[in-house]
Amino acid sequence: MAELYQQFFALLGALVCLSFLMRCLKFLKYMFPPALPQSFFRSMGAWAVVTGAGDGIGKAYVLELAKHGLNIVMISRTLEKMQKVAFEIEETTGRQVKIIQADFTKNDIYENIEDNIKGLEVGILVNNVGMLPYPVPCYFLNGPDSDTNVINCNITSATKMTRIILKQMEQRRKGLILNISSGVGIFPCPLYTLYSASKAYLVSFSKALQAEYKSKGIIIQVLSPYGVSTAMTRYKQTDILTKNANDFVRESLNYVTLGDETFGCLAHEILGFVLKLIPLWILHSDRLQKKFLEQFSDIGRNPKNT
Ligand SMILES: NC(=O)c1ccc[n+]([C@@H]2O[C@H](COP(=O)([O-])OP(=O)(O)OC[C@H]3O[C@@H](n4cnc5c(N)ncnc54)[C@H](OP(=O)(O)O)[C@@H]3O)[C@@H](O)[C@H]2O)c1
106 MAELYQQFFA LLGALVCLSF LMRCLKFLKY MFPPALPQSF FRSMGAWAVV TGAGDGIGKA
166 YVLELAKHGL NIVMISRTLE KMQKVAFEIE ETTGRQVKII QADFTKNDIY ENIEDNIKGL
226 EVGILVNNVG MLPYPVPCYF LNGPDSDTNV INCNITSATK MTRIILKQME QRRKGLILNI
286 SSGVGIFPCP LYTLYSASKA YLVSFSKALQ AEYKSKGIII QVLSPYGVST AMTRYKQTDI
346 LTKNANDFVR ESLNYVTLGD ETFGCLAHEI LGFVLKLIPL WILHSDRLQK KFLEQFSDIG
406 RNPKNT
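Structure follows, in structure tokens:
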């Protein structure tokens, strides 16, 4: 019996070492990503479509992809912000920019979007638009009832945009789709329940779709970043873990051929690995939730009272 136990623990140890080694190899790939040819992104097609493109991570994508030689379709809510970004792109890169104003919390916007991009050779789609139901953590019932808006903005938008654009990618057997999920989408995250669940949808949708379409030459990747300093995070001070949007996007574009799922940058890849080591029962414990809420004062416990 003692011998059996010994063998069991030796096997367990070997498995843990193997998984650790595999993880180290993965980190190495992020430290030394494969050099993509200069024309890689442009070779996907002439145009890139980015949702939520007027600010934050979406704006960083359009600026970066224009530098790579793509014309840009910006789809977002505030016209003035997009006009400013479009002006910057046209001035600095000479690329064409098409602006489509749309509110992704609505469902009746897709016919107009489809009409507006008809005839464009879309090589890249970035499903970036997303919203937090409430800026601080809180219990589901204590948050505002913005369920439909969150589902439309975080889930329906990526699904519908993919349906519109994937067809032509399939015909050309070429294309890149980047779906922006979140680090809190890779595990059921209490106090961000709706947001976390909506982002988990993107992970599952993306990975299953990649399995369907990889043989057709299309790259579909889901990105699950943690902190990026934008309006959504109230422009949190950047540090080793909180990235500037431009730096985050520039780094994440180096990893598009590294597989169907990434955290988008090495720092978040390491943070994600560490968080995955924490058992879910600890992350889901009442005590931890209460501690977390305390950090965000009484607002998180009952924002309706504020
Ligand atoms: N920042 C982070 O730390 C972080 C971490 C993980 C994941 N993410 C994800 O990354 C994506 C981008 O986040 P971000 O931080 O860049 O956000 P952001 O700074 O708030 O920018 C979001 C952009 O999307 C647009 N937008 C928001 N709601 C919209 C709607 N209903 N219809 C059309 N456009 C809308 C905004 O329009 P306006 O110009 O009108 O404001 C803005 O241009 C989101 O999916 C978010 O969930 C962010």
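The sequence shown begins at 106 in our numbering and counts up by one.
Built from N, CA and C at the ideal position, the CB exists for glycine as well.
What you are looking at is a predicted structure, and each value in this text was computed from that prediction instead of being measured.
| Check | Outcome |
| --- | --- |
| Have a look at ASP160 and ILE345 and give me their C-alpha separation to the nearest angstrom. | 22 Å |
| Is DSSP giving ALA153 helix, strand or coil here? | strand |
| Ordered along the chain, which non-local residues of its own chain (more than five positions away) have a Cβ less than 6 Å from that of TYR166? | VAL155, VAL231, VAL354 |
| Do the segment 182-196 and the segment 259-279 meet, that is, are 3 or more Cβ pairs less than 8 Å apart? | no |
| Just verifying my parser: in three-state terms, what is the DSSP assignment at MET106? | coil |
| Quick check on the burial criterion: 16 or more other C-beta atoms within 10 angstroms. Buried or exposed for ALA350? | buried |
| Does at least one heavy atom of ligand 1 sit under 7 Å from the Cβ of ASP352? | no |
| Considering just the uninterrupted stretch of the beta strand (DSSP E) at GLY174, what are its terminal residues? | Per DSSP, GLY174 belongs to no beta strand (DSSP E) and is neither H nor E. |
| Between the C-alpha atoms of ASP250 and ALA151, what's the straight-line distance to the nearest angstrom? | 40 Å |
| When the Cα atoms are used, what is the spatial distance from LEU123 to PHE113? | 15 Å |
| Please specify which runs of the beta strand (DSSP E), each continuous and at least 3 residues long, are wholly inside the segment 257-287, giving them in chain order. | 280-285 |
| Let's see if you can read the secondary structure: which residues bound the alpha helix (DSSP H) around ASN247? | Run containing ASN247: none; DSSP gives neither H nor E here. |
| Among the candidates SER144, GLN188, LYS186, whose CA atom is the shortest distance from the CA of LYS420? | Given a span of 106 to 411 for the chain in the structure shown, any question on residue 420 remains unanswerable. |
| Spatial neighbours of ARG277 within its chain, please: CB distance less than 6 Å, with the 5 preceding and 5 following residues excluded, ordered by chain position. | none |
| Return helix, strand or coil for ASN221, following the three-state DSSP convention. | helix |
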